Every structure is written in C-alpha cells, then in structure tokens.
Amino acid sequence: MPSFEITPIGTVRNDRTDVQHTDNWGAVRSTITVDERFGEASLQGLDGFSHVDVLFLFDQFPDGGDFREPRPYRGRADLPPVGVFAGRGPRRPNRIGVTSCAIESVRGHELTVVGLDAVSGTPVIDLKPTMAEFLPVSTTQPEWVSAMMSEYFQP
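With the numbering used here as the guide, the letters of the sequence shown map in order to residues 31 to 185.
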C-alpha cells in the first residue's frame with residue numbers, strides 16, 4: 031500500500047505528561063492550539079457544538095511492533111487477547127487516536143476541551159464537530175470492556 035504524510039494541525043496542552051497514567055481522563059482540561067496557517071476563523075462556528083472529535087497521534091509511545099498476534103487488552107493478563115483493530119489504545123499501526131470531547135471554549139486559535147485522553151505535547155491531526163446524525167443509535171460491546179473502562183473517564 032502507498033504511504034502518505036500527515037501534517038499536524040495543532041498541539042495539545044494539559045497537565046498530563048505520563049503516558050503510562052492511562053485512567054481518570056474525565057476531568058482533564060486540554061487546550062488545543064491550532065496552527066496559525068489556518069487563519070483566525072478556523073474554529074469559527076465550533077462553539078455551537080457541545081462536542082468535538084479530536085484525531086491525534088500517539089507519538090510519545092514506543093512503536094507497537096508486530097501486530098499479527100492478539101494480545102491481552104492493555105497488557106492485562108485478566109483480560110482476553112484481542113487483535114490490533116479490536117482496541118483503541120496506542121499500540122496501532124498508524125498510532126492514530128480519536129476521542130469525542132466536550133467543548134468548554136473556543137477563542138481565536140485555541141479550543142479548550144474536557145475529557146481528551148492525550149498527554150501534553152500530542153500532535154492533533156484533525157478536528158471534527160460531533161454531530162448526532164453520525165452517532166450510532168445503539169452499540170454493543172463485551173462485558174469485560176465496560177468493567178475495564180469504568181475508571182477511564184472518571185475525574
């Protein structure tokens with residue numbers, strides 16, 4: 031397959047710097063500074079939405095290596111092994127993360143969000159307003175996922 035290059039559109043700033051601290055993202059306030067090359071109006075209209083989908087790079091994690099073998103989720107022996115595309119963590123071929131975050135404020139080139147699970151300095155590759163029509167009507171997942179994620183977005 032051909033490769034392609036992605037240039038970040040901005041950077042995350044928050045008080046989280048430890049990539050191993052992987053829970054309790056619910057109250058994390060992050061400011062995404064969008065590059066000036068997009069102009070003063072690049073975020074105009076985003077303040078009319080309650081949430082934004084933030085696409086970012088897991089650039090501060092080591093390379094994931096071989097993706098062919100399923101691994102226990104989050105490296106936990108008490109969880110079942112899953113293939114690389116059955117998880118949302120940083121061990122990914124292209125190291126792309128995506129999270130829907132609550133919008134707190136929009137000011138010039140700065141977007142402040144709550145609940146973004148990316149550490150400070152993380153490059154942002156795109157922003158998309160969260161629209162109800164793109165959300166699934168219902169979702170299902172294994173019971174172990176709900177138990178494992180119970181602390182993830184807690185403050």
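C-beta atoms are modelled at their ideal positions from N, C-alpha and C, and glycine is treated no differently.
Quick caveat, the model's predicted, so the values are computed rather than measured.
- Own chain residues within Cβ distance below 6 angstroms of Thr142, not counting five before or after: Thr61, Glu134, Ser135
- Message: If contacts are defined as beta-carbon pairs under 8 angstroms, then Ala148 and His81 qualify, I think. What distance do you get, rounded to the angstrom?
- Response: So it is not a contact: roughly 15 angstroms between Cβ atoms.
- Among residues of its own chain, excluding the 5 on either side of Pro102, which ones have a beta-carbon nearer than 6 angstroms to its beta-carbon? Leu109, Pro111
- Task: Please name the residue in Ala177, Glu99, Leu165, Gly138 whose C-alpha comes closest to that of Thr129.
- Result: Leu165
- Under a three-way DSSP split, which group does Val64 fall into? Of the three classes helix, strand and coil, the one that applies to Val64 here is strand, per DSSP.
- Task: On the DSSP bridge assignment, give the partners of Asp24 in chain order.
- Result: There is no way to answer for residue 24, as the model of the chain reaches only from 31 to 185.
- Item | Residue range of the alpha helix (DSSP H) that includes Glu173 | 173-178
- Message: Checking 9 angstroms against the spacing of the C-beta atoms, do Phe91 and Gly113 come in under that value?
- Response: no
- Evaluate Val42 with the Cβ neighbour count: other Cβ atoms within 10 Å of its Cβ, from every protein chain shown; 16 or more gives buried, anything less gives exposed. buried
- Proximity of Ile155 and Ile39 at Cβ, strictly below 9 angstroms: yes
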